[in-house]
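Engineer: Residue numbers (our numbering): 3 to 426.
Quick reminder that beta carbons are idealized off the backbone N, C-alpha and C, glycines included.
Dropping the structure in here first, questions after.
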Amino acid sequence: MKIHIHPEILKRQRYSCICCGAGCRSFLVGLRPAERGAITGLDDWAGRLAVEDLFVRHRSAGRLGFGLAKHPDGRCIFLDDQNLCLVHKEHGLEAKPLACQLYPFVLSPLAGRLFVGLRFDCPAVVDNHGDKLGRHVGPLHQLCKKLITPDIEALPPPAFGPAIRLEPNRLLTINEAFLKILTADDLSLHKRLQGLLDLVGHLERVKWDRLGDADFSDLIGLLRDGALAECRRYQPQRRPLPARGRTLLGQIFFLLSQPTTVITGTADSLGRRIVRRLGLQRSARRMGRPNGALPKVQPAWPDVDLKELESSFGPWTDQIDALLTRHLVCRLGGLNYCGENFYRYSMREGIQTLILGMVTAGWLMRISAAAAGRDHLVEADGRQALLTIDGNLGYSTALGFGPSRLRLRYLKEYLRDFLDWYCI
Ligand code: SF4
Numbered sequence: 003m004k005i006h007i008h009p010e011i012l013k014r015q016r017y018s019c020i021c022c023g024a025g026c027r028s029f030l031v032g033l034r035p036a037e038r039g040a041i042t043g044l045d046d047w048a049g050r051l052a053v054e055d056l057f058v059r060h061r062s063a064g065r066l067g068f069g070l071a072k073h074p075d076g077r078c079i080f081l082d083d084q085n086l087c088l089v090h091k092e093h094g095l096e097a098k099p100l101a102c103q104l105y106p107f108v109l110s111p112l113a114g115r116l117f118v119g120l121r122f123d124c125p126a127v128v129d130n131h132g133d134k135l136g137r138h139v140g141p142l143h144q145l146c147k148k149l150i151t152p153d154i155e156a157l158p159p160p161a162f163g164p165a166i167r168l169e170p171n172r173l174l175t176i177n178e179a180f181l182k183i184l185t186a187d188d189l190s191l192h193k194r195l196q197g198l199l200d201l202v203g204h205l206e207r208v209k210w211d212r213l214g215d216a217d218f219s220d221l222i223g224l225l226r227d228g229a230l231a232e233c234r235r236y237q238p239q240r241r242p243l244p245a246r247g248r249t250l251l252g253q254i255f256f257l258l259s260q261p262t263t264v265i266t267g268t269a270d271s272l273g274r275r276i277v278r279r280l281g282l283q284r285s286a287r288r289m290g291r292p293n294g295a296l297p298k299v300q301p302a303w304p305d306v307d308l309k310e311l312e313s314s315f316g317p318w319t320d321q322i323d324a325l326l327t328r329h330l331v332c333r334l335g336g337l338n339y340c341g342e343n344f345y346r347y348s349m350r351e352g353i354q355t356l357i358l359g360m361v362t363a364g365w366l367m368r369i370s371a372a373a374a375g376r377d378h379l380v381e382a383d384g385r386q387a388l389l390t391i392d393g394n395l396g397y398s399t400a401l402g403f404g405p406s407r408l409r410l411r412y413l414k415e416y417l418r419d420f421l422d423w424y425c426i
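Structure follows, in C-alpha cells:
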C-alpha cells in the first residue's frame, strides 16, 4: 500500500519532534509479543531501571493486552531525564515499538492507499513546528512495510451513512467536496462548518442506487457548490438551547475533555476505582447543566460558574480559524474521522462528530480564556482546546459505545444551533 498525504495537508502542516515527551507521559504503548521479546533482549533493563516489570497488563493496550510499564506519575519507564527515549537513544529508532515510531502520524487505509493524518495532542503538530511533511514519506513508507498486515489491507471501507455502502472512489469524491468547503478560506470557519452541515443534509437525500457513474461527480459538484452558496448567506441566530440537548452536549464536553489517555503507573484498589468512577459520573452530570460550579475535570480549570461559559467570548480570531482549520484538514485529508480508525463511524457520522468536537473546542476555549482572566479568545485558547480534545476524539473508547451513537443521533438535529452558540 502506498503512503498518501493529501495536498491540502502538505500545504498547511509541518512536523518535527521537539522531544517534549508529552506522549510518553500520557498514553500506554500497546506491544505485540514480538516487540516485548525484542525490547527485553536489548539490555538488562529491569536491573538498570530499577523496575519490577518492563510491561504491564492494562485494558488500554486493547487486544494486545500488554503495554510499556510506567512510573507512578505516568512517565514511560524508558523516558530519561532529558525527555529522550532510552531505547531510541541507545539502540536506534527502529528498536522502538511500532506505535512509538508512528506517533503522531495516523494511517487510514482506503483503495490501496494509506491516508496520512496527524494527532493534534502532540504539541509539535499543534504548533506546526518543523519540517515539511514530504520529508516523512520515506520513513513512513519503511514503517508501513512492518505495520501493514493482510488483515489491515482487507479492512472494509467506511460506510457513507449508516447502512449506505459506496465504492471507495465515490467516498473519496465526497471527501474532496467536504475538503473544498472546509478550505474556502475567505469564509469564517463558523460558516464553513455550517456549509459542511448543508452538504451532509443534501447528501442524506440522494437516492444512491439510482445514480450512475457518469452523473455522480456532477451531482456531488452541484451539491457542494450549493452548500457553499448557502453558507455564504448564512446568518447565525443565538437561539436558547433545548434543555435535553444541552444535557447531552455536556456529556460530550465531558467525554472529550477528561484525561482518559493519561495512564499512570499506579494500580488503584477496587474501592478507589469505585470512588473515582462515581466522581467522574458526578462531573459528567454537572457538565450537562447550564449553571453551577464547573467541575475540575482538568486540573488547570478555573473556579467559574458554568453560566459564565454560556455567553460569547467574542468571535474566533483569524488565527484560531486557521489553527482549527488545519486540524480539520488533517482529519479529513487523512480520512481520520470514519471507518476502522474511528469507531467504525460512517463518513456522515464522522463529520457530525468532528462538528461536535469544534463545538466542544469553542466551549473549552472559553474556559481557557476565563482561566487567564480574559473576556476574549486568543490563539493559545485554541491550542489548549485542541491538545485537550484530540487525545480523546477517536481514541477514547467511551465515544465508540452504543450510548454515544444514540447521543449523536439525537444531537445532530441541534448542530447548527450549537455552532451559533459556542463557535462565534
Ligand atoms: S509529543 Fe510529539 S513532539 Fe513531544 S516527544 Fe512525542 S512526538 Fe515528539
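Give me the Cα-Cα distance between Tyr416 and Leu88, rounded to the nearest whole angstrom.
Structural biologist: Using only the alpha carbons, I get a separation of about 49 Å.
Engineer: When a residue counts only if its C-beta is closer than 6 Å to some heavy atom of the ligand SF4, which residues count, in chain order?
Structural biologist: Working through the chain, the matches are Cys19, Ile20, Cys21, Cys22, Gly23, Ala24, Gly25, Tyr105, Pro106, Cys124, Pro125 and Ala126.
Engineer: For Pro170 and Leu157, I'd like the C-alpha separation in whole angstroms.
Structural biologist: When rounded, the distance between both Cα atoms is 12 Å.
Engineer: To the nearest angstrom, how far is it from the Cα of Ala295 to the Cα of Arg234?
Structural biologist: Rounded to whole angstroms, Ala295 to Arg234 spans 38 Å at the Cα level.
Engineer: Name the one or two DSSP bridge partners that Cys21 has.
Structural biologist: In DSSP, Cys21 forms no bridge with anything.
Engineer: Taking 9 Å as the cut-off, decide whether the C-beta atoms of Gly384 and Leu325 are in contact.
Structural biologist: Their beta carbons are under 9 Å apart, which means Gly384 touches Leu325 by this criterion.
Engineer: With a threshold of 7 Å on Cβ separation, who are the neighbours of Asp323 within its own chain once the five nearest residues in sequence on each side are excluded?
Structural biologist: The residues are Ser190 and Leu191.
Engineer: His131 and Arg16 look like a contact to me (Cβ under 8 Å); what is the Cβ gap, rounded to whole Å?
Structural biologist: Right, their Cβ atoms sit about 7 Å apart.
Engineer: Could you tell me which residues DSSP puts in a beta bridge with Ile254?
Structural biologist: DSSP output for Ile254 lists no bridge partner at all.
Engineer: Measure the C-alpha to C-alpha separation of Tyr105 and Arg121 and round it to an integer number of angstroms.
Structural biologist: Cα-Cα distance, rounded: 8 Å.
Engineer: Leaving out five residues on either side along the sequence, give the residues of the same chain with a beta carbon under 8 Å from the beta carbon of Ala126.
Structural biologist: Answer for Ala126: Tyr17, Ser18, Cys19, Ile20, Cys22, Pro106 and Gly132, listed in chain order.
Engineer: Is Pro304 helix, strand or coil by DSSP?
Structural biologist: In this structure, Pro304 counts as coil in the three-state DSSP scheme.
Engineer: The alpha helix (DSSP H) spanning His204 covers which residue range?
Structural biologist: Where His204 is concerned, the enclosing alpha helix (DSSP H) stretches over Leu191 to Glu206.
Engineer: Work out the CA separation of Arg328 and Arg368 for me, nearest whole Å.
Structural biologist: Whole-angstrom Cα-Cα distance: 20 Å.
Engineer: So if DSSP puts Cys78 in a beta bridge, which residue, or which two residues, is it bridged to?
Structural biologist: Per DSSP, Lys72.
Engineer: Measure the Cβ-Cβ separation of Ser348 and Val299 and say whether it is below 9 Å.
Structural biologist: Their beta carbons are not under 9 Å apart, which means Ser348 does not touch Val299 by this criterion.
Engineer: Work out the CA separation of Arg275 and Asp392 for me, nearest whole Å.
Structural biologist: Answer to the nearest angstrom: the Cα atoms are 25 Å apart.
Engineer: Assuming Leu225 contacts Leu205 under a Cβ cut-off of 8 Å, what Cβ separation, rounded to an integer in Å, is found between them?
Structural biologist: Confirmed, Cβ separation roughly 7 Å.
Engineer: Report the residue from Cys332, Asp320 and Arg287 whose alpha carbon sits nearest the alpha carbon of Asp123.
Structural biologist: The candidate whose alpha carbon is nearest that of Asp123 is Cys332.
Engineer: Decide if Gly335 is buried, meaning its Cβ has at least 16 other Cβ atoms within 10 Å, or exposed.
Structural biologist: By the neighbour-count rule (16 or more Cβ atoms within 10 Å), Gly335 is buried.
Engineer: Less than 9 Å between the beta carbons of Gln354 and Leu413, yes or no?
Structural biologist: Yes, the pair counts as a contact, with Cβ atoms nearer than the cut-off.
Engineer: Kindly indicate if chain D contains any beta-carbon less than 9 Å away from that of Phe117.
Structural biologist: Within the model displayed, chain D is absent; a lone protein chain is all it includes.
Engineer: Does Pro111 pass the burial test, meaning 16 or more other C-beta atoms within 10 Å, or should it be called exposed?
Structural biologist: Buried, since its Cβ has 16 or more Cβ neighbours within 10 Å.
Engineer: Which residues does DSSP list as the beta-bridge partners of Cys332?
Structural biologist: Per DSSP, none; premise fails for Cys332.
Engineer: Taking three-plus beta-carbon pairs below 8 Å as touching, is the stretch 64-78 in contact with the stretch 30-40?
Structural biologist: Short answer: they touch.
Engineer: Could you give the uninterrupted runs of the alpha helix (DSSP H) lying entirely in the stretch 43-128, keeping only those of 4 residues or more?
Structural biologist: Whole alpha helix (DSSP H) segments, 4+ residues: 47-51, 88-93, 100-104 and 125-128.
Engineer: Suppose you measure from the CA of Leu168 to the CA of Ala161; what does that come to, to the nearest Å?
Structural biologist: Looking at the two C-alpha atoms, the distance is approximately 7 Å.
Engineer: Is it buried or exposed for Thr362, if we count other Cβ within 10 angstroms and need 16 for buried?
Structural biologist: Thr362 should be labelled buried.
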